[in-house]
Amino acid sequence: MTRSTGSTAASLRCDSCGQLPEPGKVRLTLANVAVMLPIELAVHAAVVQTHLAYPLKVLLLALTATALVIWVAEPSVMRFLRAWLHAPALRQRKRLDTAMDLWRARVLVEDTPGALERISHQLARRGVNILSLHIHPGTRTSVDEFVLAAPAGVGEQDLSRALTIGGGTSVRVWPSTALALADGQTKALALACRVVQDPLELRYAVAELLVADPVVAPSPAVRSFIEGAEFLKIPSPVGEPLVFSRTGEPFTAAESARAHRLAELAALATHSARRP
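Residue numbers for the sequence shown follow this note's numbering, beginning at 1 and rising by one.
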């Protein structure tokens with residue numbers, strides 16, 4: 001089923017097969033009883049008054065009732081009671097159509113008074129709500145990360161325009177999910193425990209923490225890069241340093257510090273494990 005707008009049962013049709021979703025069993029049973037009961041009563045009243053033998057009456061009742069149910073009752077139920085049968089699905093569709101979309105945004109902001117307020121004002125004008133904000137401070141600028149809830153009509157270009165008009169630069173916006181609202185501190189502590197239990201998990205813990213890709217076999221040119229670009233290098237408790245990359249999202253000083261602290265933790269855990 002594809003998401004489409006509409007308040008009638010026809011809007012629930014699948015774009016591929018054209019079929020409506022299966023209605024709930026309780027509603028379908030009640031609708032069938034409501035339509036079939038008058039038919040059954042009318043047929044019984046008509047057949048009982050005849051002077052046929054009892055077996056013929058039973059056979060006639062069964063055949064007549066079955067034919068009327070197939071040809072009259074079921075089509076009538078699906079045609080006239082369609083809106084009532086699919087009312088729960090329609091209510092759910094309405095909630096989905098009016099639900100706000102989640103976005104993540106990363107923007108470079110001047111470290112001056114009122115800079116964040118101007119961005120917030122531009123977002124508020126478009127009905128966008130800031131659900132989460134994390135600031136990576138720099139020398140004269142800061143990298144601000146937002147989790148935004150935007151109305152269905154506000155897309156990536158609208159958000160980028162709002163952040164740019166608000167004074168931001170190097171704007172990047174991409175769709176997100178509710179997982180972006182998870183408690184970052186709890187996640188960091190869980191990854192720290194993971195590294196303490198097994199220092200060899202450092203590579204994967206840092207990759208998960210920074211949403212980055214580990215570079216498995218970095219070339220000599222990559223090993224000699226300058227931090228702050230799209231690569232990050234941290235010491236490893238065993239072997240060569242670990243290198244991570246993240247295309248289009250340069251690592252900030254705060255992210256580098258977090259990764260190095262995890263590396264220190266892995267080194268301490270390794271040293272403790274070797275101690276007699």
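Note that beta-carbon positions come from the ideal geometry of N, C-alpha and C, so glycine has one too.
**Request:** Find the nearest neighbour of THR270 within the set HIS134, LEU200, VAL26, judged by alpha-carbon distance.
**Result:** With distances taken between Cα atoms, THR270 lies closest to LEU200.
**Message:** Starting from ILE234, trace the alpha helix (DSSP H) in both directions and tell me its first and last residue.
**Reply:** Segment 231-234 is the beta strand (DSSP E) holding ILE234; no alpha helix (DSSP H) there.
**alpha helix (DSSP H) segment containing VAL195, residue limits** = 184-197
**Asked** Is ASP144 near the ligand ZN, going by C-beta to nearest heavy atom under 7 Å?
**Response** Among the ligands in the structure shown, none appear at all, so the ligand ZN cannot be discussed.
**Buried/exposed call for ALA212, threshold 16 Cβ in 10 Å** = buried
**Asked** Could one say the Cβ of GLU145 lies closer than 8 Å to chain D's Cβ atoms, at least one of them?
**Response** You won't find chain D in this structure, because it holds only one protein chain.
**Message:** Any contact between the region 202-210 and the region 242-262? By contact I mean 3 or more CB pairs, one from each, below 8 Å.
**Reply:** yes
**Asked** Exposed or buried, which one is ALA162 when buried takes at least 16 other CB atoms within 10 Å?
**Response** Per the 10 Å Cβ criterion, buried.
**Message:** Please classify GLU227 as buried or exposed, where buried requires at least 16 other C-beta atoms within 10 Å of its C-beta.
**Reply:** Its pLDDT being 47, under 50, GLU227 is placed unreliably by the model, and nothing is read from it.
**Message:** Contact defined as beta carbons within less than 8 Å: I believe LEU148 pairs with ASN129. What is the distance between those atoms, to the nearest angstrom?
**Reply:** 7 Å
**Item:** N-terminal and C-terminal residue of the alpha helix (DSSP H) that HIS121 is part of
**Value:** 115-125
**Prompt:** Does the beta-carbon distance from VAL109 to LEU116 come in below 8 Å?
**Reply:** yes
**Prompt:** Quick one: what's got a C-beta closer than 7 Å to THR164's C-beta in the same chain, skipping five residues either side?
**Reply:** VAL171
**Request:** Output the distance between the C-alpha atoms of GLY167 and GLU230, rounded to the nearest integer angstrom.
**Result:** 24 Å
**Asked** For SER176, is the classification buried or exposed, using 16 other Cβ atoms within 10 angstroms of its Cβ as the cut-off for buried?
**Response** buried
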